[in-house]
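J.:
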Amino acid sequence: MALRTRTSMNARGTARLRLTLLYSGMFLLLGTAVVVIVFVFTSVGSHVSVSRAMPASAGAAESAGAHALSEVASQQQSSDFARLLTASWLVLLLTAGASTVLGWFIAGRVLRPLHEMTLTAKTISAGNLGDRLALSGPDDEFKRLGDTLDDLLARLQESFESQRRFVANAAHELRTPLTLDRTLLQVALADPHASAAKLRAACEELLASGREQERLLDALLTLASSEGGLEHREPLDLAAIAGRVAAAMSGHQIWTSLAAAPMTGEPALIERMIANLLDNAVLYNDARGLVELATADDDGDVARLTVSNTGPVVPAEALQRLFEPFQRLGGRATTGDDGHHGLGLSIVRAIAAAHGGRVDARPREGGGLTVSVSFPAAPAAPVAATGG
-14 MALRTRTSMN ARGTARLRLT LLYSGMFLLL GTAVVVIVFV FTSVGSHVSV
36 SRAMPASAGA AESAGAHALS EVASQQQSSD FARLLTASWL VLLLTAGAST
86 VLGWFIAGRV LRPLHEMTLT AKTISAGNLG DRLALSGPDD EFKRLGDTLD
136 DLLARLQESF ESQRRFVANA AHELRTPLTL DRTLLQVALA DPHASAAKLR
186 AACEELLASG REQERLLDAL LTLASSEGGL EHREPLDLAA IAGRVAAAMS
236 GHQIWTSLAA APMTGEPALI ERMIANLLDN AVLYNDARGL VELATADDDG
286 DVARLTVSNT GPVVPAEALQ RLFEPFQRLG GRATTGDDGH HGLGLSIVRA
336 IAAAHGGRVD ARPREGGGLT VSVSFPAAPA APVAATGG
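The sequence shown: position 346 = 331 (our numbering), numbered continuously.
#1: To the nearest whole angstrom, what separates the beta carbons of residue 271 and residue 295, a pair I think is in contact under 8 Å?
#2: Give the secondary structure of residue 372 by DSSP, where H, G and I count as helix, E and B as strand, and everything else as coil.
#3: Go ahead and pull the three-state DSSP assignment for residue 248.
#4: Within 10 angstroms of its Cβ, does residue 123 collect 16 or more other Cβ (buried), or is it exposed?
#5: Run the CB neighbour count on residue 340, radius 10 Å, all protein chains shown included, and call it buried at 16 or more, exposed below.
#6: Hey, quick one: how far does the alpha helix (DSSP H) through residue 275 stretch, first residue to last?
#7: Can at least three beta-carbon pairs, one atom from the stretch 81 to 96 and one from the stretch 59 to 72, be found at a separation below 8 Å?
#8: Assuming residue 89 contacts residue 3 (C-beta within less than 8 Å), just tell me the rounded distance between them.
#9: In this structure, how does DSSP classify residue 366 when only helix, strand and coil are distinguished?
#10: Of the choices 159, 168, 113, 133, whose alpha-carbon is the least far from that of residue 311?
#11: Tell me whether residue 133 sits in a helix, a strand or coil according to DSSP, three-state version.
#12: Is there at least one non-hydrogen atom of the ligand ADP closer than 8 Å to the beta-carbon of residue 118?
#13: On the DSSP letters alone, give me the boundaries of the alpha helix (DSSP H) that residue 203 sits inside.
#14: Would you report the Cα separation of residue 225 and residue 245, rounded to the nearest angstrom?
#15: Indicate the three-state DSSP secondary structure (helix, strand or coil) for residue 119 in the structure shown.
#16: What are the partner residues of residue 220, as DSSP defines its beta bridges?
#17: Starting from residue 7, follow its DSSP beta bridges and name the residues at the other end.
#18: Just the Cα atoms here: how many angstroms apart are residue 274 and residue 215?
#19: Does the count of Cβ pairs from the stretch 278 to 290 and the stretch 127 to 134 closer than 8 Å reach three?
#20: Report all residues from its chain with a CB closer than 7 Å to the CB of residue 301; omit the five preceding and five following residues, and keep chain order.
#21: From the DSSP output, in three-state form, read off residue 127 for me.
In C-alpha coordinates:
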(Lines of atoms letter the chains of each structure in order from A and count residues from 1; the text may use other names and numbers.)
(Lines give C-alpha, C1' and ligand atoms only; values in the text may rest on other atoms or scores of the structure.)
Protein backbone atom coordinates (compact mmCIF):
# COMPACT_ATOMS: atom_id res chain seq x y z
CA MET A 1 0.00 0.00 0.00
CA ALA A 2 2.89 2.35 0.81
CA LEU A 3 4.43 1.63 -2.57
CA ARG A 4 1.17 2.41 -4.34
CA THR A 5 0.80 5.67 -2.42
CA ARG A 6 4.36 6.69 -3.18
CA THR A 7 3.92 5.84 -6.86
CA SER A 8 0.71 7.86 -7.05
CA MET A 9 2.30 10.88 -5.32
CA ASN A 10 5.31 10.68 -7.64
CA ALA A 11 2.97 10.61 -10.63
CA ARG A 12 1.01 13.56 -9.27
CA GLY A 13 4.24 15.43 -8.50
CA THR A 14 5.42 14.87 -12.05
CA ALA A 15 2.17 16.24 -13.48
CA ARG A 16 2.34 19.21 -11.12
CA LEU A 17 5.98 19.85 -12.08
CA ARG A 18 5.11 19.66 -15.77
CA LEU A 19 2.33 22.19 -15.38
CA THR A 20 4.60 24.46 -13.34
CA LEU A 21 7.35 24.32 -15.96
CA LEU A 22 4.76 24.95 -18.66
CA TYR A 23 3.40 28.02 -16.89
CA SER A 24 6.82 29.51 -16.12
CA GLY A 25 8.22 28.62 -19.55
CA MET A 26 5.38 30.36 -21.33
CA PHE A 27 5.75 33.40 -19.10
CA LEU A 28 9.51 33.55 -19.68
CA LEU A 29 9.09 33.17 -23.44
CA LEU A 30 6.45 35.87 -23.71
CA GLY A 31 8.37 38.19 -21.36
CA THR A 32 11.52 37.80 -23.44
CA ALA A 33 9.57 38.60 -26.59
CA VAL A 34 8.15 41.75 -24.96
CA VAL A 35 11.61 42.92 -23.79
CA VAL A 36 13.15 42.36 -27.23
CA ILE A 37 10.34 44.16 -29.04
CA VAL A 38 10.47 47.15 -26.66
CA PHE A 39 14.28 47.33 -26.98
CA VAL A 40 14.17 47.22 -30.80
CA PHE A 41 11.52 49.91 -31.12
CA THR A 42 13.19 52.13 -28.50
CA SER A 43 16.60 51.75 -30.14
CA VAL A 44 15.30 52.63 -33.61
CA GLY A 45 13.31 55.61 -32.35
CA SER A 46 16.25 57.03 -30.41
CA HIS A 47 18.59 56.66 -33.40
CA VAL A 48 16.17 58.55 -35.60
CA SER A 49 15.72 61.35 -33.05
CA VAL A 50 19.50 61.84 -32.72
CA SER A 51 19.95 61.92 -36.47
CA ARG A 52 17.22 64.54 -36.87
CA ALA A 53 18.82 66.68 -34.18
CA MET A 54 21.83 67.41 -36.45
CA PRO A 55 21.28 70.53 -38.72
CA ALA A 56 21.86 69.93 -42.42
CA SER A 57 23.19 73.46 -43.40
CA ALA A 58 25.42 74.24 -40.41
CA GLY A 59 29.01 75.52 -40.75
CA ALA A 60 32.16 73.56 -40.11
CA ALA A 61 32.52 74.64 -36.46
CA GLU A 62 28.87 74.18 -35.77
CA SER A 63 28.96 70.86 -37.56
CA ALA A 64 31.88 69.66 -35.45
CA GLY A 65 30.13 70.75 -32.27
CA ALA A 66 26.93 69.10 -33.29
CA HIS A 67 28.80 65.95 -34.14
CA ALA A 68 30.46 65.90 -30.74
CA LEU A 69 27.12 66.53 -29.11
CA SER A 70 25.66 63.64 -31.12
CA GLU A 71 28.44 61.35 -29.98
CA VAL A 72 27.81 62.24 -26.34
CA ALA A 73 24.07 61.76 -26.78
CA SER A 74 24.66 58.42 -28.53
CA GLN A 75 26.93 57.20 -25.74
CA GLN A 76 24.40 58.35 -23.16
CA GLN A 77 21.64 56.54 -24.98
CA SER A 78 23.75 53.40 -25.28
CA SER A 79 24.44 53.55 -21.57
CA ASP A 80 20.74 54.10 -20.87
CA PHE A 81 19.82 51.22 -23.14
CA ALA A 82 22.33 48.94 -21.42
CA ARG A 83 20.95 49.83 -17.99
CA LEU A 84 17.37 49.47 -19.28
CA LEU A 85 18.16 46.10 -20.83
CA THR A 86 19.89 44.87 -17.67
CA ALA A 87 17.02 46.03 -15.50
CA SER A 88 14.52 44.45 -17.88
CA TRP A 89 16.29 41.08 -17.76
CA LEU A 90 16.55 41.23 -13.97
CA VAL A 91 12.86 42.08 -13.64
CA LEU A 92 12.02 39.31 -16.12
CA LEU A 93 14.05 36.75 -14.17
CA LEU A 94 12.51 37.82 -10.86
CA THR A 95 8.98 37.68 -12.25
CA ALA A 96 9.75 34.33 -13.91
CA GLY A 97 10.82 32.97 -10.52
CA ALA A 98 7.68 34.38 -8.94
CA SER A 99 5.58 32.85 -11.74
CA THR A 100 7.23 29.48 -11.08
CA VAL A 101 6.24 29.58 -7.42
CA LEU A 102 2.77 30.82 -8.28
CA GLY A 103 2.47 28.20 -11.04
CA TRP A 104 3.38 25.46 -8.56
CA PHE A 105 0.50 26.44 -6.28
CA ILE A 106 -1.90 26.91 -9.20
CA ALA A 107 -0.98 23.49 -10.59
CA GLY A 108 -1.62 21.96 -7.19
CA ARG A 109 -4.99 23.68 -7.07
CA VAL A 110 -5.89 22.43 -10.54
CA LEU A 111 -4.82 18.87 -9.75
CA ARG A 112 -6.55 18.74 -6.36
CA PRO A 113 -9.73 17.02 -7.72
CA LEU A 114 -7.54 14.41 -9.39
CA HIS A 115 -5.72 13.82 -6.11
CA GLU A 116 -9.04 13.45 -4.27
CA MET A 117 -10.26 10.94 -6.87
CA THR A 118 -7.05 8.94 -6.47
CA LEU A 119 -7.33 8.78 -2.69
CA THR A 120 -11.01 7.81 -2.83
CA ALA A 121 -10.43 5.19 -5.53
CA LYS A 122 -7.74 3.55 -3.38
CA THR A 123 -10.23 2.96 -0.59
CA ILE A 124 -12.74 1.29 -2.91
CA SER A 125 -12.39 -2.48 -3.18
CA ALA A 126 -14.60 -5.49 -3.86
CA GLY A 127 -16.03 -5.15 -0.35
CA ASN A 128 -17.25 -1.55 -0.68
CA LEU A 129 -18.07 -1.07 -4.34
CA GLY A 130 -21.07 0.96 -3.21
CA ASP A 131 -18.81 3.93 -2.48
CA ARG A 132 -18.60 6.65 -5.11
CA LEU A 133 -16.25 9.52 -5.90
CA ALA A 134 -19.20 11.96 -5.93
CA LEU A 135 -17.20 14.97 -7.07
CA SER A 136 -18.78 18.37 -6.57
CA GLY A 137 -18.04 21.64 -8.29
CA PRO A 138 -18.36 23.01 -11.82
CA ASP A 139 -19.10 20.73 -14.74
CA ASP A 140 -15.54 20.64 -16.02
CA GLU A 141 -13.30 17.84 -17.29
CA PHE A 142 -12.53 16.53 -13.78
CA LYS A 143 -16.22 16.45 -12.85
CA ARG A 144 -17.07 14.53 -16.01
CA LEU A 145 -14.19 12.12 -15.36
CA GLY A 146 -15.47 11.53 -11.83
CA ASP A 147 -19.00 10.90 -13.08
CA THR A 148 -17.66 8.45 -15.66
CA LEU A 149 -15.74 6.57 -12.99
CA ASP A 150 -18.85 6.49 -10.80
CA ASP A 151 -20.80 4.94 -13.66
CA LEU A 152 -18.02 2.40 -14.13
CA LEU A 153 -18.11 1.54 -10.42
CA ALA A 154 -21.88 1.11 -10.58
CA ARG A 155 -21.57 -1.36 -13.46
CA LEU A 156 -18.73 -3.13 -11.66
CA GLN A 157 -20.80 -3.39 -8.50
CA GLU A 158 -23.71 -4.83 -10.44
CA SER A 159 -21.38 -7.36 -12.07
CA PHE A 160 -19.90 -8.40 -8.72
CA GLU A 161 -23.33 -8.80 -7.17
CA SER A 162 -24.49 -10.82 -10.15
CA GLN A 163 -21.44 -13.08 -9.81
CA ARG A 164 -22.07 -13.55 -6.09
CA ARG A 165 -25.67 -14.49 -6.74
CA PHE A 166 -24.60 -16.83 -9.50
CA VAL A 167 -22.04 -18.62 -7.32
CA ALA A 168 -24.44 -18.87 -4.39
CA ASN A 169 -27.26 -20.21 -6.56
CA ALA A 170 -24.96 -22.62 -8.40
CA ALA A 171 -23.68 -23.96 -5.08
CA HIS A 172 -27.25 -24.41 -3.87
CA GLU A 173 -28.35 -26.10 -7.10
CA LEU A 174 -25.44 -28.54 -6.90
CA ARG A 175 -25.58 -29.12 -3.14
CA THR A 176 -29.28 -29.99 -3.01
CA PRO A 177 -29.17 -33.04 -5.33
CA LEU A 178 -25.95 -34.25 -3.72
CA THR A 179 -27.65 -34.15 -0.33
CA LEU A 180 -30.61 -36.09 -1.72
CA ASP A 181 -28.28 -38.66 -3.29
CA ARG A 182 -26.45 -39.17 -0.01
CA THR A 183 -29.74 -39.54 1.84
CA LEU A 184 -31.00 -42.07 -0.71
CA LEU A 185 -27.83 -44.15 -0.35
CA GLN A 186 -27.92 -43.99 3.44
CA VAL A 187 -31.54 -45.17 3.53
CA ALA A 188 -30.83 -48.03 1.12
CA LEU A 189 -27.73 -49.17 3.03
CA ALA A 190 -29.39 -48.83 6.44
CA ASP A 191 -31.99 -51.46 5.55
CA PRO A 192 -30.38 -54.89 6.10
CA HIS A 193 -33.34 -56.61 4.47
CA ALA A 194 -33.45 -54.46 1.34
CA SER A 195 -34.45 -56.52 -1.67
CA ALA A 196 -32.76 -56.44 -5.03
CA ALA A 197 -35.74 -54.60 -6.48
CA LYS A 198 -35.50 -51.91 -3.81
CA LEU A 199 -31.77 -51.50 -4.35
CA ARG A 200 -32.33 -51.38 -8.10
CA ALA A 201 -34.93 -48.65 -7.65
CA ALA A 202 -32.48 -46.68 -5.54
CA CYS A 203 -29.83 -47.03 -8.25
CA GLU A 204 -32.29 -45.85 -10.91
CA GLU A 205 -33.10 -42.78 -8.81
CA LEU A 206 -29.39 -42.08 -8.45
CA LEU A 207 -28.91 -42.39 -12.20
CA ALA A 208 -31.79 -39.99 -12.83
CA SER A 209 -30.31 -37.54 -10.32
CA GLY A 210 -26.92 -37.88 -11.99
CA ARG A 211 -28.41 -37.09 -15.40
CA GLU A 212 -30.09 -34.02 -13.95
CA GLN A 213 -26.81 -32.83 -12.44
CA GLU A 214 -25.10 -33.49 -15.77
CA ARG A 215 -27.65 -31.26 -17.52
CA LEU A 216 -27.04 -28.55 -14.94
CA LEU A 217 -23.26 -28.74 -15.36
CA ASP A 218 -23.68 -28.71 -19.14
CA ALA A 219 -25.80 -25.56 -18.87
CA LEU A 220 -23.25 -23.91 -16.59
CA LEU A 221 -20.42 -24.78 -18.99
CA THR A 222 -22.42 -23.42 -21.93
CA LEU A 223 -23.04 -20.20 -20.03
CA ALA A 224 -19.37 -19.86 -19.08
CA SER A 225 -18.12 -20.62 -22.59
CA SER A 226 -20.59 -18.15 -24.12
CA GLU A 227 -19.47 -15.37 -21.79
CA GLY A 228 -15.85 -16.17 -22.70
CA GLY A 229 -16.42 -15.32 -26.36
CA LEU A 230 -16.26 -17.29 -29.61
CA GLU A 231 -13.32 -19.40 -30.68
CA HIS A 232 -14.30 -19.38 -34.35
CA ARG A 233 -17.05 -18.18 -36.66
CA GLU A 234 -18.56 -19.56 -39.82
CA PRO A 235 -21.38 -18.53 -42.13
CA LEU A 236 -24.78 -19.86 -41.09
CA ASP A 237 -28.48 -19.28 -41.65
CA LEU A 238 -30.76 -18.65 -38.67
CA ALA A 239 -33.73 -20.03 -40.62
CA ALA A 240 -32.07 -23.38 -41.33
CA ILE A 241 -30.99 -23.92 -37.71
CA ALA A 242 -34.34 -22.74 -36.33
CA GLY A 243 -36.15 -25.17 -38.65
CA ARG A 244 -34.07 -28.10 -37.43
CA VAL A 245 -34.60 -27.23 -33.77
CA ALA A 246 -38.38 -26.80 -34.22
CA ALA A 247 -38.64 -30.11 -36.08
CA ALA A 248 -36.79 -31.88 -33.27
CA MET A 249 -39.32 -30.70 -30.67
CA SER A 250 -41.89 -33.37 -31.37
CA GLY A 251 -45.16 -33.23 -29.49
CA HIS A 252 -45.31 -29.44 -29.47
CA GLN A 253 -47.12 -27.29 -31.97
CA ILE A 254 -44.87 -24.50 -33.15
CA TRP A 255 -45.94 -22.04 -35.83
CA THR A 256 -42.97 -21.06 -37.97
CA SER A 257 -42.29 -18.24 -40.38
CA LEU A 258 -38.71 -18.75 -41.46
CA ALA A 259 -37.12 -16.35 -43.91
CA ALA A 260 -33.44 -16.57 -44.78
CA ALA A 261 -31.33 -14.71 -42.20
CA PRO A 262 -27.61 -15.18 -42.93
CA MET A 263 -25.04 -14.37 -40.25
CA THR A 264 -21.72 -15.62 -38.95
CA GLY A 265 -21.16 -17.43 -35.68
CA GLU A 266 -20.92 -20.75 -33.88
CA PRO A 267 -23.71 -23.08 -35.14
CA ALA A 268 -23.74 -25.24 -31.99
CA LEU A 269 -24.23 -22.21 -29.72
CA ILE A 270 -26.91 -20.71 -31.98
CA GLU A 271 -28.73 -24.05 -31.96
CA ARG A 272 -28.54 -24.17 -28.16
CA MET A 273 -29.86 -20.61 -27.94
CA ILE A 274 -32.88 -21.37 -30.17
CA ALA A 275 -33.57 -24.59 -28.27
CA ASN A 276 -33.53 -22.70 -24.97
CA LEU A 277 -35.92 -20.06 -26.30
CA LEU A 278 -38.37 -22.66 -27.61
CA ASP A 279 -38.07 -24.78 -24.49
CA ASN A 280 -38.80 -21.74 -22.34
CA ALA A 281 -41.75 -20.73 -24.55
CA VAL A 282 -43.24 -24.24 -24.37
CA LEU A 283 -42.65 -24.58 -20.62
CA TYR A 284 -44.47 -21.35 -19.77
CA ASN A 285 -47.17 -21.65 -22.43
CA ASP A 286 -50.86 -22.25 -21.87
CA ALA A 287 -52.27 -25.73 -22.38
CA ARG A 288 -53.80 -24.68 -25.71
CA GLY A 289 -51.48 -21.76 -26.26
CA LEU A 290 -49.49 -20.74 -29.26
CA VAL A 291 -45.73 -20.80 -29.81
CA GLU A 292 -44.41 -18.81 -32.78
CA LEU A 293 -40.94 -18.95 -34.27
CA ALA A 294 -39.83 -16.50 -36.94
CA THR A 295 -36.60 -15.42 -38.62
CA ALA A 296 -36.03 -12.43 -40.86
CA ASP A 297 -33.33 -10.40 -42.54
CA ASP A 298 -33.91 -6.69 -41.88
CA ASP A 299 -32.63 -4.80 -44.92
CA GLY A 300 -29.52 -6.96 -45.05
CA ASP A 301 -28.18 -5.35 -41.87
CA VAL A 302 -29.71 -7.44 -39.08
CA ALA A 303 -30.49 -11.16 -38.82
CA ARG A 304 -33.42 -11.44 -36.42
CA LEU A 305 -34.91 -14.39 -34.53
CA THR A 306 -38.24 -14.01 -32.70
CA VAL A 307 -39.95 -16.48 -30.36
CA SER A 308 -43.40 -15.77 -28.85
CA ASN A 309 -45.82 -17.66 -26.66
CA THR A 310 -49.23 -17.07 -25.06
CA GLY A 311 -48.40 -18.02 -21.49
CA PRO A 312 -49.11 -16.23 -18.23
CA VAL A 313 -48.87 -12.49 -17.80
CA VAL A 314 -45.26 -11.34 -17.36
CA PRO A 315 -44.81 -8.12 -15.35
CA ALA A 316 -42.67 -5.60 -17.16
CA GLU A 317 -40.50 -5.07 -14.07
CA ALA A 318 -39.67 -8.82 -14.01
CA LEU A 319 -38.23 -8.97 -17.53
CA GLN A 320 -34.66 -8.08 -16.63
CA ARG A 321 -34.58 -10.48 -13.71
CA LEU A 322 -35.66 -13.40 -15.92
CA PHE A 323 -32.35 -13.11 -17.79
CA GLU A 324 -30.35 -13.57 -14.59
CA PRO A 325 -29.05 -17.09 -13.81
CA PHE A 326 -31.32 -19.32 -11.68
CA GLN A 327 -34.24 -16.89 -11.90
CA ARG A 328 -37.66 -18.13 -12.98
CA LEU A 329 -41.08 -16.62 -13.50
CA GLY A 330 -42.95 -16.15 -10.26
CA GLY A 331 -39.84 -15.37 -8.22
CA ARG A 332 -38.67 -18.97 -8.02
CA ALA A 333 -34.90 -19.32 -7.85
CA THR A 334 -34.56 -23.07 -7.33
CA THR A 335 -34.92 -26.13 -9.47
CA GLY A 336 -38.53 -27.07 -10.15
CA ASP A 337 -40.08 -30.46 -10.60
CA ASP A 338 -39.74 -30.01 -14.36
CA GLY A 339 -35.95 -30.24 -14.09
CA HIS A 340 -35.33 -26.68 -15.26
CA HIS A 341 -32.84 -24.51 -13.42
CA GLY A 342 -33.65 -21.02 -14.66
CA LEU A 343 -30.55 -20.85 -16.87
CA GLY A 344 -32.25 -20.83 -20.26
CA LEU A 345 -32.66 -17.11 -20.82
CA SER A 346 -29.32 -16.23 -19.22
CA ILE A 347 -27.65 -18.61 -21.71
CA VAL A 348 -29.63 -16.96 -24.52
CA ARG A 349 -28.33 -13.53 -23.51
CA ALA A 350 -24.73 -14.77 -23.14
CA ILE A 351 -24.75 -16.46 -26.56
CA ALA A 352 -26.26 -13.37 -28.19
CA ALA A 353 -23.64 -11.11 -26.58
CA ALA A 354 -20.84 -13.44 -27.73
CA HIS A 355 -22.08 -13.01 -31.32
CA GLY A 356 -22.38 -9.23 -30.99
CA GLY A 357 -26.17 -9.50 -30.80
CA ARG A 358 -28.86 -8.02 -28.61
CA VAL A 359 -31.82 -9.58 -26.82
CA ASP A 360 -35.11 -7.68 -26.45
CA ALA A 361 -38.07 -9.03 -24.50
CA ARG A 362 -41.54 -7.57 -24.15
CA PRO A 363 -44.75 -8.91 -22.60
CA ARG A 364 -47.66 -9.68 -24.90
CA GLU A 365 -51.11 -8.31 -24.32
CA GLY A 366 -53.21 -10.90 -22.55
CA GLY A 367 -50.19 -12.91 -21.41
CA GLY A 368 -47.08 -14.43 -22.84
CA LEU A 369 -43.69 -13.14 -23.87
CA THR A 370 -41.99 -12.15 -27.11
CA VAL A 371 -38.21 -12.50 -27.19
CA SER A 372 -36.33 -11.08 -30.17
CA VAL A 373 -32.62 -11.67 -30.78
CA SER A 374 -30.84 -9.45 -33.31
CA PHE A 375 -27.46 -10.29 -34.84
CA PRO A 376 -25.25 -8.42 -37.31
CA ALA A 377 -26.08 -9.88 -40.71
CA ALA A 378 -23.42 -11.66 -42.74
CA PRO A 379 -21.84 -9.46 -45.42
CA ALA A 380 -23.18 -10.07 -48.87
CA ALA A 381 -21.05 -12.30 -51.03
CA PRO A 382 -19.27 -10.37 -53.82
CA VAL A 383 -20.72 -10.82 -57.29
CA ALA A 384 -18.20 -12.23 -59.73
CA ALA A 385 -17.52 -9.92 -62.66
CA THR A 386 -18.10 -11.33 -66.14
CA GLY A 387 -15.85 -10.31 -68.98
CA GLY A 388 -17.41 -8.73 -72.05
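Here a beta-carbon is modelled for each residue, glycine too, at the ideal position from N, C-alpha and C. Note that the structure is predicted; figures quoted are calculated from it, not measured.
T.: Here's the rundown:
#1: The count along the sequence shown starts at 1 and reaches residue 271 at position 286. The count along the sequence shown starts at 1 and reaches residue 295 at position 310. Confirmed, Cβ separation roughly 6 Å.
#2: In the sequence shown, residue 372 corresponds to position 387, counting from 1. The predicted model places residue 372 with a pLDDT of 38, which falls under 50 and marks its position as unreliable; any figure quoted below should be read in that light. The answer is coil: DSSP assigns residue 372 none of H, G, I, E or B.
#3: The sequence position of residue 248 within the sequence shown is 263, counting from 1. Three-state result, residue 248: strand.
#4: To locate residue 123, count along the sequence shown from 1; it is residue 138. Exposed.
#5: Stepping through the sequence shown from its first residue, residue 340 is reached at position 355. The residue is buried, with at least 16 neighbouring Cβ atoms inside 10 Å.
#6: Locating residue 275 in the sequence shown gives position 290, where the first residue counts as 1. Residue 275 -> no alpha helix (DSSP H), and no H or E assigned at all.
#7: no
#8: As a working note, residue 89 is residue 104 in the sequence shown. As a working note, residue 3 is residue 18 in the sequence shown. Not really, about 11 Å apart at Cβ, beyond 8 Å.
#9: Taking the first residue of the sequence shown as position 1, residue 366 is located at position 381. The predicted position of residue 366 is uncertain, since its pLDDT is 47 and thus under 50; no value can be drawn from it.
#10: Within the sequence shown, residue 311 is the residue found at index 326, counting from 1. Among 159, 168, 113, 133, the Cα nearest to that of residue 311 belongs to 159.
#11: Indexing the sequence shown from 1 puts residue 133 at position 148. The answer is helix: DSSP assigns residue 133 an H, G or I state.
#12: This structure simply doesn't include the ligand ADP, nor any ligand for that matter.
#13: Taking the sequence shown and counting its residues from 1, one reaches residue 203 at position 218. Taken as a continuous stretch (DSSP letters only), the alpha helix (DSSP H) holding residue 203 covers 181 to 212.
#14: Locating residue 225 in the sequence shown gives position 240, where the first residue counts as 1. Locating residue 245 in the sequence shown gives position 260, where the first residue counts as 1. Straight-line Cα distance between these residues: approximately 8 Å.
#15: As a position in the sequence shown, residue 119 is number 134, starting the count at 1. Residue state, collapsed to three classes: coil.
#16: Residue mapping note: residue 220 aligns to position 235 of the sequence shown, counting from 1. In DSSP, residue 220 forms a bridge with 249.
#17: Stepping through the sequence shown from its first residue, residue 7 is reached at position 22. DSSP, once it has assigned bridges, lists no residue as partnering residue 7.
#18: Locating residue 274 in the sequence shown gives position 289, where the first residue counts as 1. Locating residue 215 in the sequence shown gives position 230, where the first residue counts as 1. Cα to Cα, residue 274 sits roughly 36 Å from residue 215.
#19: no
#20: Taking the first residue of the sequence shown as 1, we reach residue 301 at position 316. Closer than 7 Å at the Cβ level, and outside the excluded window around residue 301, lie 348.
#21: As a working mapping, residue 127 is identified with position 142 in the sequence shown. Here residue 127 sits in helix by DSSP.
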